[in-house]
Amino acid sequence: MHGTFNWSPLVDVVDLSPNVRDSESFRPLLLMIHFTESWDDTHALQVLKNPRPDNPKASVSCHYLVHRDGRIRILVPENRRAWHTGKSAWGTYGESDPEDGINRLNVDCMGIEVENRGDRMKDGAFQPLANLEPLTGHTLERVVALVKDICHRHHIPPENVIPHDAAAIPPGRKQDPGRGVAALWARLVEEGVALPRCPFVPFRITPEEAKEKRLLGTWNWEKERLER
Ligand SMILES: [Zn+2]
Numbered sequence: 010m011h012g013t014f015n016w017s018p019l020v021d022v023v024d025l026s027p028n029v030r031d032s033e034s035f036r037p038l039l040l041m042i043h044f045t046e047s048w049d050d051t052h053a054l055q056v057l058k059n060p061r062p063d064n065p066k067a068s069v070s071c072h073y074l075v076h077r078d079g080r081i082r083i084l085v086p087e088n089r090r091a092w093h094t095g096k097s098a099w100g101t102y103g104e105s106d107p108e109d110g111i112n113r114l115n116v117d118c119m120g121i122e123v124e125n126r127g128d129r130m131k132d133g134a135f136q137p138l139a140n141l142e143p144l145t146g147h148t149l150e151r152v153v154a155l156v157k158d159i160c161h162r163h164h165i166p167p168e169n170v171i172p173h174d175a176a177a178i179p180p181g182r183k184q185d186p187g188r189g190v191a192a193l194w195a196r197l198v199e200e201g202v203a204l205p206r207c208p209f210v211p212f213r214i215t216p217e218e219a220k221e222k223r224l225l226g227t228w229n230w231e232k233e234r235l236e237r
């Protein structure tokens, strides 16, 4: 599909976010999975659609939001950049920020948010495994179907399907989807659209090391895991 708006045929709800620039055209080379880390659905949607003219850098958006009931919502068309990665590194992808030299993957990376409390506490703090909702059944399969559809249409290779916490700089800056992605990842590997990894082991490296590593290609999850 071509034109100003385009999205997956799996979409149930079209609900475009203002947090996008029409001047920024986009073609995805990577796909990032997020958990919303939110306690209620309305809040996650508000955040993804809330314009912040006072502080444009704080505005966020994502291409897709998968609800707890499996419905798929398109927020940013596939030919526009969404703002979901923050400072992140993956291989040599992204664009170096003139202020700190750290990559912004939004330039190359499509995003899927999946509703889940994740590691978020009710008071907003994070605690590992605190409130993770198991991703199973219909909702899990909807996420798998969406990932497959996007990867096939845009020819995104398995090594470029990544969890947010694995790419965030500095390591530990983001907790999502963390351990919650294990069941999903097993299915994505089974379907041939992701590589076997260990997305629930956080990196213990410095931001400097991370900056160096982005020049070395994609992370080797199993190696990282075995080395500690
Ligand atoms: Zn995220």
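First residue of the sequence shown: 10, per our numbering; consecutive thereafter. Yeah, the Cβ is synthetic: ideal placement off N, Cα and C, and Gly gets one too. The structure presented is a predicted model; accordingly, all values stated were derived computationally and were not measured.
In this structure, residue 128 has its CB at a distance of at least 7 Å from all heavy atoms of ligand 1.
When secondary structure is reduced to three states using DSSP, residue 121 falls in the strand class. With a cut-off of 7 Å, the C-beta of residue 96 is classified as distant from ligand 1, since no heavy atom of the ligand falls inside that distance. Exclusion of the five residues before and after residue 22 leaves 80, 81, 82, 83 as the residues of its chain whose Cβ lies within less than 8 Å of its Cβ. For residue 39, the three-state secondary structure derived from DSSP is strand. In this structure the stretch 115 to 125 touches the stretch 86 to 102; the number of beta carbon pairs closer than 8 Å is three or more. In this structure, residue 72 has its CB at a distance of at least 7 Å from all heavy atoms of ligand 1.
Residue pairing for residue 82: DSSP places it in a beta bridge opposite 22, 74.
Residue environment: residue 195 is assigned as exposed (fewer than 16 neighbouring CB atoms within 10 Å of its CB, all protein chains considered). Rounded to the nearest angstrom, the Cβ distance from residue 75 to residue 151 is 6 Å, consistent with a contact under 8 Å. Taking a contact to require three or more Cβ pairs closer than 8 Å, the stretch 57 to 74 and the stretch 133 to 150 do not qualify as touching.
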